[in-house]
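Chains A and B supply the protein sequences, listed in that same order. With full-length UniProt numbering, the residue at position 387 of the first sequence is 387, and numbering never jumps. With full-length UniProt numbering, the residue at position 391 of the second sequence is 391, and numbering never jumps. As structure tokens, the structure follows; a few thoughts come after it.
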Amino acid sequence: MVVLNFTLTPEAASKIHDLLVCLGKFNDTVAIEARRERFTFTALHPAKSAYAAVTLHGKEFFTNYECVPSHGGPDGRFTCSMYTKALLSVFKGRLFDPLGRDGAIDRCEVSVQERENETQCRFIVKMVCNQGVIKTYKLTYEAVDVMHALFDRSLAKNRWSMHSGAMKEYIEYFGTKTEKLDISAGEDGRCVFKSYTEKIMNGKDILKHPLVTAVAVNTTDFDDFSVQAGLHIVINVKDFKAIVVHADTLKTSLKALYSQPIRPLQFSYGCDGLLCEFTLATSGDYAAAPPTPTPAPQALSSRNTSRAPSTVVEREETRSFRSDMPPPAQPASRRDGSGRLRNPGSRQASSVAQAPPVHHNSESLFVAEDEDETWAPLDYEKEETLGWDASANHDASAFPTFKDSGNMSRTSTSDSNQVFEPTQRVSQIKGLW
Amino acid sequence: MDDHDPPVLMAVSSSARQLYLLLRCIAFSPKAHVQIDEGGLRLSVDEAGVMEASVLLDKSMFTTYTFNAPSPSRGSQVADSDDDEDEELEPSTTAPTFQISLPALVETLQIFGLTDPATSKTSWQQNTSYGAPSTSFASSNIFGGMNNLCRITYSILGAPLSVVLTEASIRTQCDLTTYEPEYTGGILFNREDLALKVIMRGSRFHDAVQELSSTSPETLTMIAKTAKGKPFFALSSSGTLGSARVEFNNTPRQPSVYRTPAPTNRAAANADGNGTPADQPLENLLETFLFSDPGTVLRSKYNFSRIQKATRAMSVATKVSIRIDAQGVLCLSFMIEVEGGGSGVAASTAAAAAGEGSPKHSFVDFWFVPQLDEDEDGDDGEGGDIDETMMQSGGEGSDMGEDEDDDILS
Numbered sequence: 001m002v003v004l005n006f007t008l009t010p011e012a013a014s015k016i017h018d019l020l021v022c023l024g025k026f027n028d029t030v031a032i033e034a035r036r037e038r039f040t041f042t043a044l045h046p047a048k049s050a051y052a053a054v055t056l057h058g059k060e061f062f063t064n065y066e067c068v069p070s071h072g073g074p075d076g077r078f079t080c081s082m083y084t085k086a087l088l089s090v091f092k093g094r095l096f097d098p099l100g101r102d103g104a105i106d107r108c109e110v111s112v113q114e115r116e117n118e119t120q121c122r123f124i125v126k127m128v129c130n131q132g133v134i135k136t137y138k139l140t141y142e143a144v145d146v147m148h149a150l151f152d153r154s155l156a157k158n159r160w161s162m163h164s165g166a167m168k169e170y171i172e173y174f175g176t177k178t179e180k181l182d183i184s185a186g187e188d189g190r191c192v193f194k195s196y197t198e199k200i201m202n203g204k205d206i207l208k209h210p211l212v213t214a215v216a217v218n219t220t221d222f223d224d225f226s227v228q229a230g231l232h233i234v235i236n237v238k239d240f241k242a243i244v245v246h247a248d249t250l251k252t253s254l255k256a257l258y259s260q261p262i263r264p265l266q267f268s269y270g271c272d273g274l275l276c277e278f279t280l281a282t283s284g285d286y287a288a289a290p291p292t293p294t295p296a297p298q299a300l301s302s303r304n305t306s307r308a309p310s311t312v313v314e315r316e317e318t319r320s321f322r323s324d325m326p327p328p329a330q331p332a333s334r335r336d337g338s339g340r341l342r343n344p345g346s347r348q349a350s351s352v353a354q355a356p357p358v359h360h361n362s363e364s365l366f367v368a369e370d371e372d373e374t375w376a377p378l379d380y381e382k383e384e385t386l387g388w389d390a391s392a393n394h395d396a397s398a399f400p401t402f403k404d405s406g407n408m409s410r411t412s413t414s415d416s417n418q419v420f421e422p423t424q425r426v427s428q429i430k431g432l433w
Numbered sequence: 001m002d003d004h005d006p007p008v009l010m011a012v013s014s015s016a017r018q019l020y021l022l023l024r025c026i027a028f029s030p031k032a033h034v035q036i037d038e039g040g041l042r043l044s045v046d047e048a049g050v051m052e053a054s055v056l057l058d059k060s061m062f063t064t065y066t067f068n069a070p071s072p073s074r075g076s077q078v079a080d081s082d083d084d085e086d087e088e089l090e091p092s093t094t095a096p097t098f099q100i101s102l103p104a105l106v107e108t109l110q111i112f113g114l115t116d117p118a119t120s121k122t123s124w125q126q127n128t129s130y131g132a133p134s135t136s137f138a139s140s141n142i143f144g145g146m147n148n149l150c151r152i153t154y155s156i157l158g159a160p161l162s163v164v165l166t167e168a169s170i171r172t173q174c175d176l177t178t179y180e181p182e183y184t185g186g187i188l189f190n191r192e193d194l195a196l197k198v199i200m201r202g203s204r205f206h207d208a209v210q211e212l213s214s215t216s217p218e219t220l221t222m223i224a225k226t227a228k229g230k231p232f233f234a235l236s237s238s239g240t241l242g243s244a245r246v247e248f249n250n251t252p253r254q255p256s257v258y259r260t261p262a263p264t265n266r267a268a269a270n271a272d273g274n275g276t277p278a279d280q281p282l283e284n285l286l287e288t289f290l291f292s293d294p295g296t297v298l299r300s301k302y303n304f305s306r307i308q309k310a311t312r313a314m315s316v317a318t319k320v321s322i323r324i325d326a327q328g329v330l331c332l333s334f335m336i337e338v339e340g341g342g343s344g345v346a347a348s349t350a351a352a353a354a355g356e357g358s359p360k361h362s363f364v365d366f367w368f369v370p371q372l373d374e375d376e377d378g379d380d381g382e383g384g385d386i387d388e389t390m391m392q393s394g395g396e397g398s399d400m401g402e403d404e405d406d407d408i409l410s
């Protein structure tokens with residue numbers, strides 16, 4: 001039997017609404033993890049390219065918080081997942097209204113009904129409104145194991161922070177349909193946020209939305225800026241926008257932490273007992289040190305190979321990082337004289353040729369060797385196997401060749417060039433190129 | 001020959017908008033029954049015999065309303081058919097009844113709504129002498145263009161219903177075909193034998209129904225009881241994602257302790273907000289609560305999607321009267337404020353127009369047949385469970401309403 005009861009002020013309930021709106025942009029379900037002292041909403045992007053966690057501190061955020069998990073002792077937890085839409089229909093906007101108009105609530109009481117002597121398990125939210133109206137919602141939930149992305153802060157040498165209000169002004173310049181955001185630190189004391197769209201190969205539709213927006217910000221405008229000069233890191237614009245918009249509702253500073261492309265990047269912010277952490281998969285130029293002035297738009301479905309023998313361009317659809325498998329090594333036989341393969345259908349061949357982009361998968365989003373206690377999994381037998389599910393997210397299944405190697409051990413990804421020698425499979429299909 | 005007889009109905013309204021707003025509330029059916037008598041035009045629609053709605057366009061909404069009962073000899077055939085239907089309402093059988101296409105009528109009435117509001121309003125206000133209360137429409141851009149003269153004529157039995165709209169120099173005449181009335185049994189609602197009568201603000205009812213719609217339910221359950229002499233009324237529903245329930249208690253609440261403390265940095269804003277509602281006089285949530293059998297719990301189920309068809313009326317109503325008779329038939333009466341059309345003479349001066357423009361009330365009524373519990377066990381389990389959790393989850397900090405809730409049910 002689980003005991004989970006908490007009470008929210010109207011203001012806190014309104015914050016729950018805001019965070020649900022934000023998490024709803026990552027996945028249509030949101031997972032809940034309740035512990036004795038804290039309550040966490042998490043959302044994992046279906047492509048596992050982004051992980052969002054909002055932790056609410058039991059004493060600070062809630063008026064009243066009580067959680068006694070059914071098992072696990074002091075470290076026990078209660079986990080479930082629900083439709084974000086269902087929760088949003090309960091935690092509507094305008095729950096907090098200083099004038100106390102209709103729709104405003106007086107307080108919000110939440111409890112979980114999970115008892116052995118009852119047939120129904122429900123997540124019960126009771127909105128007590130002014131003047132004697134009580135709205136009670138009983139939502140179904142699904143018992144799930146909650147996964148957490150691991151992020152090693154000790155390795156994240158690059159960091160910056162900026163007030164969300166300023167950042168929100170910048171994101172308004174990004175095209176609505178752009179997909180990627182390149183964050184680069186120049187050597188001229190400026191940081192450039194560039195949104196662009198990769199070339200899309202969809203039948204004859206090539207080159208949609210060629211809008212590129214670059215916002216250059218003086219590093220002195222940041223609260224804190226410490227990034228290796230010339231480093232480019234690429235994330236999804238949509239994720240970034242969702243994060244910034246939510247951070248702006250809290251009027252806090254947005255902090256970014258990252259090490260290098262293909263390693264995860266973490267945004268964090270929070271106040272008043274609410275802590276948001278977003279761990280995002282990144283792409284970009286792995287050999288980042290040589291400053292590439294403009295990282296070329298990533299050519300989709302092309303078999304660009306890098307000069308570094310250990311990397312291979314993954315086919316990336318809009319947001320689906322082929323992260324369910326480690327990149328196989330590039331067989332030397334596939335490389336032609338120019339160091340890259342023919343780029344079929346690319347009309348941006350010139351820029352691609354100048355700086356062949358190197359894209360890694362982001363297996364490393366779930367770092368196994370994590371020392372960060374905040375994210376250290378409780379139950380290592382279960383949680384340490386948090387790798388990418390090899391069977392899922394094969395929407396980019398047009399390349400079964402690579403899928404064959406999909407269940408390789410994650411631990412080997414750090415130096416894949418050693419582990420994955422040119423495989424016979426790839427060389428077998430060499431003729432295709 | 002017919003030309004010598006005065007038309008059965010000749011009604012002039014200075015604002016098609018009022019008629020449009022009212023008729024829109026019941027515009028969920030292709031055909032509407034129209035019944036004309038001395039008091040006004042009554043339009044009613046029904047759906048599958050389990051839901052009915054009707055609106056009365058009272059004669060006070062028209063600047064001119066002339067009704068001449070058709071002579072029985074002339075319209076004998078039609079009048080005969082009327083006999084069956086309207087006997088209880090109009091024993092004299094002189095009230096003509098026919099069907100028309102309701103969407104066509106509604107669209108007709110908003111013909112001028114499609115014109116540019118700014119230009120049409122200006123020309124109206126400057127060039128005409130009808131002097132409609134212009135202030136009433138100043139705030140409404142959408143319907144600003146509908147501030148015009150509307151004349152409804154029904155010359156003889158069997159003739160088309162003619163709607164003439166005049167705006168500035170434009171005159172539009174629409175003849176709507178009238179159809180023979182169909183015999184509809186009508187929903188028998190016994191207003192003498194009520195199980196429950198609740199009157200509350202329309203916006204609260206609207207809000208509650210909207211709230212329940214988030215669960216995409218099939219049925220809406222109304223629950224009423226008297227707990228320790230205090231009224232309790234609730235709407236509940238359940239769908240695939242869960243269930244929702246909105247309760248109304250008449251317990252005046254003390255300002256909550258949860259709004260005053262300062263757990264966060266924005267306590268100041270919170271405290272400010274707290275002051276305002278406390279200053280307002282506490283109104284009774286349920287303005288009227290008449291419950292015939294206080295010892296029991298009333299539980300009545302209705303089709304949610306049908307109730308939702310009254311949403312438009314709910315959204316504009318100032319008050320709603322919820323009545324359930326002993327058979328479980330539900331009658332929702334929505335009181336909607338309209339601006340009176342005033343008399344022709346009075347409306348010609350601006351001052352009189354302002355006086356005539358003061359709100360009057362019009363009523364839109366809906367009747368719903370209840371759903372019977374086919375699966376008694378399942379329904380009871382469901383319903384009982386809702387209350388049960390209220391009891392258990394209410395916990396220590398529960399309010400009065402809940403405690404009473406528990407007492408009644410346990």
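Each residue gets a CB set at the ideal place from its N, CA and C atoms; glycine is no exception.
- Against Arg94/A, chain B offers no close residue; the least beta-carbon distance is about 12 Å (beta-carbon pairs closer than 7 Å).
- Around the beta carbon of Val128/A, a 10 Å sphere encloses 16 or more other beta carbons of the protein chains shown; the residue is thus reported as buried.
- Bounds of the alpha helix (DSSP H) holding His17/A are 10 to 23.
- Contact check between the region 247 to 261 of chain A and the region 149 to 161 of chain A: three or more CB pairs, one atom from each, fall below 8 Å, which counts as touching.
- If you draw a straight line from the Cα of Leu21/B to the Cα of Ile36/B, it comes to about 19 Å.
- In this structure, Arg201/B is the residue among Glu167/B, Thr215/B, Leu285/B, Arg201/B with its C-alpha nearest to the C-alpha of Val320/B.
- Assignment of Gln266/A by DSSP, reduced to helix, strand and coil, places it in the strand class.
- Under a criterion of Cβ atoms nearer than 7 Å, the residues of chain A adjacent to Phe248/B are, in order, Gly132, Val133.
- At a cut-off of 8 Å, the C-beta of Leu285/B has a neighbouring C-beta in chain A.
- DSSP, read as helix, strand or coil, puts Asn284/B in coil.
- Assignment of beta-bridge partners to Val106/B by DSSP yields no partner.
- At a cut-off of 8 Å between beta-carbon atoms, Thr29/A makes no contact with chain B.
- Under the DSSP assignment, His206/B falls in the alpha helix (DSSP H) whose first and last residues are 202 to 213.
- DSSP places Gln131/A within a helical segment (H, G or I) once states are collapsed to three.
- Around the beta-carbon of Gly40/B, 16 or more other beta-carbon atoms lie within 10 Å, marking it buried.
- Distance from the CA atom of Arg38/A to the CA atom of Arg94/A, rounded to whole angstroms, is 25 Å.
- Counting only Cβ-Cβ distances below 8 Å, Gly40/B has no contacts in chain A at all, with the closest Cβ about 33 Å away.
- Thr136/A and Ser203/B have their C-alpha atoms some 19 Å from each other.
- Taking 8 Å as the cut-off, the Cβ atoms of Pro264/A and Ala149/A count as close.
- Shown in chain order are the members of the region 228 to 249 of chain B whose Cβ falls below 9 Å from a Cβ of chain A: Ala234, Ser236, Ser238, Thr240, Leu241, Gly242, Ser243, Ala244, Arg245, Val246, Glu247, Phe248, Asn249.
- The Cβ atoms of Leu181/A and Asn236/A lie closer than 8 Å to each other.
- At least one beta carbon of chain A lies nearer than 8 Å to the beta carbon of Arg204/B.
- For the pair Arg35/A and Ser111/A, the Cα-to-Cα distance works out to about 14 Å.
- At a beta-carbon threshold of 8 Å, the residues of chain A lying near Glu211/B are Lys135, ordered along the chain.
- Ranked by how close their Cα comes to the Cα of Ile105/A, the residues Asp18/A, Thr213/A, Glu187/A, Ala12/A have Ala12/A in first place.
- In this structure the region 50 to 70 of chain A does not touch the region 181 to 194 of chain B; the number of beta carbon pairs closer than 8 Å is below three.
- For the region 138 to 160 of chain A, the beta-carbon criterion of a distance under 9 Å to any beta-carbon of chain B is satisfied by Lys138, Leu139, Thr140, Tyr141.
- By the Cβ test, the region 295 to 304 of chain B is not in contact with the region 163 to 178 of chain B, since fewer than three Cβ pairs between them sit closer than 8 Å.
- Listed as beta-bridge partners of Asn158/A by DSSP are Tyr258/A.
- Per the coordinates, the alpha-carbon of Thr40/A lies some 14 Å from the alpha-carbon of Glu60/A.
- What Ser315/B touches in chain A, judged by beta-carbon distance under 7 Å, is nothing: the nearest beta carbon there is about 12 Å away.
- Assigned with DSSP and collapsed to three states, Gln228/A falls in coil, not helix or strand.
- Residues of chain B whose Cβ lies closer than 9 Å to the Cβ of Tyr83/A are, in chain order, Leu241.
- In terms of Cβ geometry, Leu8/A and Arg107/A form a close pair [threshold 8 Å].
- For Ser214/B, at least one C-beta of chain A is nearer than 8 Å to its own C-beta.
- In this structure, the alpha-carbon of Leu285/B lies about 15 Å from that of Ala227/B.
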